[in-house]
Structure formats: C-alpha cells, structure tokens
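Engineer:
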Amino acid sequence: MTTTTAPTNPAPTIPAQADVPARSLPVELVDGPGGGLYLLPFAPLTPDDCEALSVLLAARAAAVRRRESA
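First residue of the sequence shown? That's 1 in the UniProt record's numbering, and the numbers climb one at a time after it.
(1) Given a threshold of 16 other Cβ atoms within 10 Å of its Cβ, counted over all protein chains shown, does Asp49 qualify as buried or as exposed?
(2) Tell me the rounded alpha-carbon separation between Val64 and Gly36.
(3) Is Leu25 helix, strand or coil by DSSP?
(4) Mind checking Leu25: buried by the 16 CB within 10 Å criterion, or exposed?
(5) Would you report the Cα separation of Gly34 and Thr46, rounded to the nearest angstrom?
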C-alpha cells in the first residue's frame with residue numbers, strides 16, 4: 001500500500017492550477033487494494049480546500065488514465 005500526502009503540485013497543463021493554495025491540504029491520500037483511493041482528513045475541509053482537492057484528484061485521474069491507455 002502506498003501513502004501520499006496531499007497536495008502534490010498538479011501538472012502545469014491544468015488550467016485551474018492557479019487556484020491551488022500554496023499550503024498543504026489537511027488530508028492524506030492512501031492507495032488501497034484494487035486501485036482504490038482513500039482520503040484521510042486531519043481537519044475539516046474549507047470550500048477552498050475542497051476546490052484544491054478537486055484539482056488534485058482530477059490531475060491524478062488524468063495521470064492514471066494516461067498510464068492505463070499507454
């Protein structure tokens with residue numbers, strides 16, 4: 001099982017990158033069995049945190065799709 005602490009900076013090609021805060025999000029993303037992704041929050045998420053997490057997850061999903069189609 002792989003553990004990743006959010007946020008990793010999304011790829012520069014993501015248009016909403018300017019909306020991603022410079023601070024770390026209060027969550028941890030954990031790769032689970034069978035390709036599942038678990039979100040472990042450390043604190044309540046603000047609306048801005050949710051938007052940044054959305055951008056992060058969209059970038060991750062795009063990377064997974066590219067890997068699977070290659």
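Even for Gly, the Cβ is constructed at its ideal location relative to N, Cα and C.
Just so you know, these numbers come straight off a predicted model, no measurement behind them.
Structural biologist: Well, looking at it:
(1) Within the sequence shown, numbered from 1, the residue matching residue 49 stands at position 49. Residue environment analysis places Asp49 among the buried positions, since at least 16 neighbouring C-beta atoms fall within 10 angstroms of its C-beta.
(2) Numbered from its first residue, the sequence shown carries residue 64 at position 64. Numbered from its first residue, the sequence shown carries residue 36 at position 36. Computed Cα separation, rounded: 12 Å.
(3) The count along the sequence shown starts at 1 and reaches residue 25 at position 25. Here Leu25 sits in coil by DSSP.
(4) As a first step, residue 25 must be located in the sequence shown, where it is residue number 25. Answer is buried; the Cβ neighbour count reaches 16.
(5) What you label residue 34 is simply residue 34 of the sequence shown in a count that begins at 1. What you label residue 46 is simply residue 46 of the sequence shown in a count that begins at 1. Gly34 and Thr46 have their alpha carbons spaced roughly 30 Å apart.
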